[in-house]
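Residue numbers (the numbering used here), protein chains in the order written: chain U, 626 to 982; chain F, 541 to 872.
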């Protein structure tokens, strides 16, 4: 399997938070009937739809490691169907300013293609030209007449942004939902590298749901798995015009390891050691605000979980032209595989007592 | 049914002080359940035994209110909010403390109404000094709006309709449902208005297979209102999304199918601001499939919240249908 082909399949599937079944099938099909058949010991979905892919460890007292990458994407939801137009609100942190002119798919009784129209500049008054349009004033046009639209589309139907994954130069890829399908692809790459490899640790790769609306899937899946170590694989801001170098990470220079209150110091240490062992170049990121990724939810589950956060640099987050470098995804997968190989029960025991004097 | 709503809305029980409403609900439901218990935080749980999976229904019995923070030398009481109380709705209101003491809310002189916030307001309980005020109330005592129930015919209005109307719907559904296929846990939760707290702990204790909150939702049918495709009188509202929960697609479908098959009028609901008990229930343990049955309400968190009996009746029917239905499809 070529990773870029799989990434394309992932990113062109729809899976707005709360409606992840389609993208979930893309991942599970890969393991049940696709190229990844045999890579996992067990694959299941939990009550909220988290997809849990387990690869058993060789040791009976194996430590459990959970990797979480969220498969949901930001999107829209129908709030009103009136005349020939569909009104909507956001699901997750959509940047309202980049919505005008987008193509969308309304997931009604059937999928209905649509566009978010905009008032032409010629007929905007000065006030309109100088301010951004509010989401409640936008509308989707599907071309359907009012009666057919009402028959196809209801309040509460989900809407995803339509955008192909585009190959830019230099292994860069651009599209929607790379936050965090890039992370899901890194999990697949990790399992590919572990295929046929005997390792002590029990590995749970979780494609989580509803991260964009509040880390909800990670919270319940971590409760169900009850891991000894949890690592979220998400995206962080890539260098782009208008962003200071101290807040952004270069694409192509490898995974970014977060340092902050949500990261256990020994987990970070072990991630760095695994990177060095495997020869993976990495960057580090101070992350003082811990609430932005699945790490935060996992850390607080049950009586607490030692956690880490590995991020893939991504430009233009929460737009439909999110951009990543494929090499960073591959290197992230390689780092995670080495981390698994390096885990043993002594390490987990050490986590429990490292704060004792 | 209107009498029940009148009884429940006349009680002052702000979040954290639900003793009086709990006792009232207990006496309403005790003859219609197999077991009744109160958990550590004060949630009232009435159980209907059954052989199937476990369903938790949750209607919160607390209401928004005010809490005394300071009493000045002249006996004026400064206060803070308990839950979503807006200063713009408070000036001139009559309030009642849980011990029965009544007061009215006054306001400092303001040059511009935009300066209005809770710090500019105070409760006047008729005291003439700090000492005489302290004989009536203490710091930490809580009050609620003091507004009566009025029957407008098809529509009714009262304070604390959020969520005593949900409690009334759940009580009435328990009374009307003869056979439950599932094991039904009717939970009257505490502290919803301050962060879904009672729902979180009661769900952990019950460990249900399916969670359904019963609560009010907003409408978009008043002059120049925020756009929302829910109106009074068009039926119960089946929630798809709010800020706290995205209804599980199979639970939403279960509710839609039951309503369609039994001719219960319903509307689909997307609430852009606000949350409810299902927000806590669905995140319990390793996840609980959840949905919400909403009663459309105008003027939520105002002293006069209005609902329509058509919607109330439809909500009772839908809750009762869920209690007696085979829900296995929604759990697969």
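Glycine residues also receive a C-beta, built at the ideal position from the N, C-alpha and C atoms.
Quick check on the DSSP output: the alpha helix (DSSP H) that includes residue i runs from which residue to which?
i	result
residue 636 of chain F	Premise fails: residue 636 of chain F lies in the beta strand (DSSP E), 634-637, not in any alpha helix (DSSP H).
residue 730 of chain U	Looking at the DSSP string, residue 730 of chain U is not in any alpha helix (DSSP H); the run it does join, the beta strand (DSSP E), is 728-732.
residue 841 of chain U	841-850
residue 707 of chain F	701-716
residue 781 of chain F	Per DSSP, residue 781 of chain F belongs to no alpha helix (DSSP H); it is in the beta strand (DSSP E), 776-781.
residue 921 of chain U	919-924
residue 636 of chain U	628-636
List, in order along the chain, the chain F residues whose C-beta lies closer than 8 angstroms to that of residue i?
i	result
residue 692 of chain U	Those do not exist, as residue 692 of chain U stays about 17 angstroms from chain F at its closest Cβ, beyond 8 angstroms.
residue 841 of chain U	822 and 823
residue 844 of chain U	823
residue 924 of chain U	The premise fails here: residue 924 of chain U is roughly 15 angstroms from chain F at the closest Cβ pair, so nothing lies under 8 angstroms.
residue 838 of chain U	786
residue 835 of chain U	786
Could you round the C-beta distance between residue i and residue j to whole angstroms and report it? I think they count as a contact, below 8 angstroms.
i	j	result
residue 784 of chain F	residue 750 of chain F	Not a contact, Cβ separation roughly 17 angstroms.
residue 806 of chain U	residue 934 of chain U	Wrong, their Cβ atoms sit about 17 angstroms apart, outside the cutoff.
residue 582 of chain F	residue 558 of chain F	5 angstroms
residue 605 of chain F	residue 623 of chain F	7 angstroms
residue 774 of chain F	residue 757 of chain F	Not a contact, Cβ separation roughly 12 angstroms.
residue 617 of chain F	residue 677 of chain F	7 angstroms
residue 832 of chain U	residue 652 of chain U	5 angstroms
residue 910 of chain U	residue 937 of chain U	So it is not a contact: roughly 12 angstroms between Cβ atoms.
residue 991 of chain U	residue 855 of chain U	The question about residue 991 of chain U has no answer here: the residues shown for chain U are numbered 626 through 982.
residue 878 of chain U	residue 906 of chain U	6 angstroms
residue 642 of chain U	residue 729 of chain U	Contact doesn't hold; Cβ gap of about 16 angstroms is too wide.
residue 725 of chain F	residue 596 of chain F	5 angstroms
residue 696 of chain U	residue 850 of chain U	No, residue 696 of chain U and residue 850 of chain U are not in contact; Cβ-Cβ is about 16 angstroms, not under 8 angstroms.
Specify, as a first and last residue, the run of the beta strand (DSSP E) that residue i falls within.
i	result
residue 800 of chain F	Element bounds for residue 800 of chain F: not the beta strand (DSSP E) but the alpha helix (DSSP H), 789-801.
residue 833 of chain U	827-833
residue 978 of chain U	It is not in any beta strand (DSSP E) - residue 978 of chain U instead sits in the alpha helix (DSSP H) that spans 970-978.
residue 933 of chain U	932-939
residue 679 of chain U	676-680
residue 665 of chain U	Segment: none, residue 665 of chain U is in no beta strand (DSSP E) and carries neither H nor E.
residue 772 of chain F	Neither: residue 772 of chain F is in no beta strand (DSSP E) and is coded neither H nor E.
residue 561 of chain F	Run containing residue 561 of chain F: none in the beta strand (DSSP E); it sits in the alpha helix (DSSP H), 559-569.
residue 859 of chain U	854-862
Measuring CA to CA, which of the options is closest to residue i?
i	options	result
residue 687 of chain U	U/757, U/826 and U/821	U/826
residue 701 of chain F	F/661, F/686, F/612 and F/656	F/686
residue 796 of chain U	U/948, U/643 and U/974	U/948
residue 870 of chain F	F/712, F/831 and F/644	F/831
residue 701 of chain U	U/673, U/675 and U/741	U/741
residue 780 of chain U	F/777, F/694 and F/766	F/777
residue 552 of chain F	F/639, F/815, F/855 and F/626	F/639
residue 629 of chain F	F/818, F/845 and F/816	F/845
residue 877 of chain F	F/693, F/857, F/699 and F/669	Limits of chain F in this structure are 541 at one end and 872 at the other, which puts residue 877 of chain F out of reach.
residue 961 of chain U	U/725, U/697 and U/808	U/808
residue 834 of chain F	F/872, F/666, F/771 and F/610	F/771
residue 610 of chain F	F/661, F/850 and F/744	F/661
residue 769 of chain F	F/808, F/817 and F/743	F/808
Would you mind telling me which residues of chain F sit closer than 7 angstroms to residue i, beta carbon to beta carbon, in chain order?
i	result
residue 672 of chain U	826, 827, 828 and 829
residue 848 of chain U	825 and 826
Distance, Cα to Cα, residue i vs residue j?
i	j	result
residue 614 of chain F	residue 649 of chain F	17 angstroms
residue 562 of chain F	residue 728 of chain F	8 angstroms
residue 942 of chain U	residue 588 of chain F	49 angstroms
residue 848 of chain F	residue 663 of chain F	32 angstroms
residue 804 of chain U	residue 828 of chain U	23 angstroms
residue 689 of chain U	residue 965 of chain U	10 angstroms
residue 712 of chain U	residue 969 of chain U	53 angstroms
residue 785 of chain U	residue 737 of chain U	11 angstroms
residue 707 of chain F	residue 689 of chain F	16 angstroms
residue 888 of chain U	residue 920 of chain U	8 angstroms
residue 813 of chain U	residue 709 of chain U	43 angstroms
residue 761 of chain F	residue 839 of chain F	11 angstroms
residue 866 of chain F	residue 955 of chain U	47 angstroms
residue 635 of chain U	residue 659 of chain U	14 angstroms
residue 705 of chain U	residue 892 of chain U	48 angstroms
residue 674 of chain F	residue 608 of chain F	11 angstroms
residue 724 of chain U	residue 699 of chain U	12 angstroms
residue 860 of chain F	residue 541 of chain F	15 angstroms
residue 873 of chain U	residue 896 of chain U	21 angstroms
Which residues in chain U have a C-beta closer than 8 angstroms to the C-beta of residue i? List them in chain order.
i	result
residue 810 of chain F	702, 703, 704, 714, 780 and 781
residue 781 of chain F	643, 702, 716 and 781
Residue i versus chain F: which residues are under 9 angstroms apart at the beta carbon?
i	result
residue 644 of chain U	786 and 789
residue 761 of chain U	766, 767 and 812
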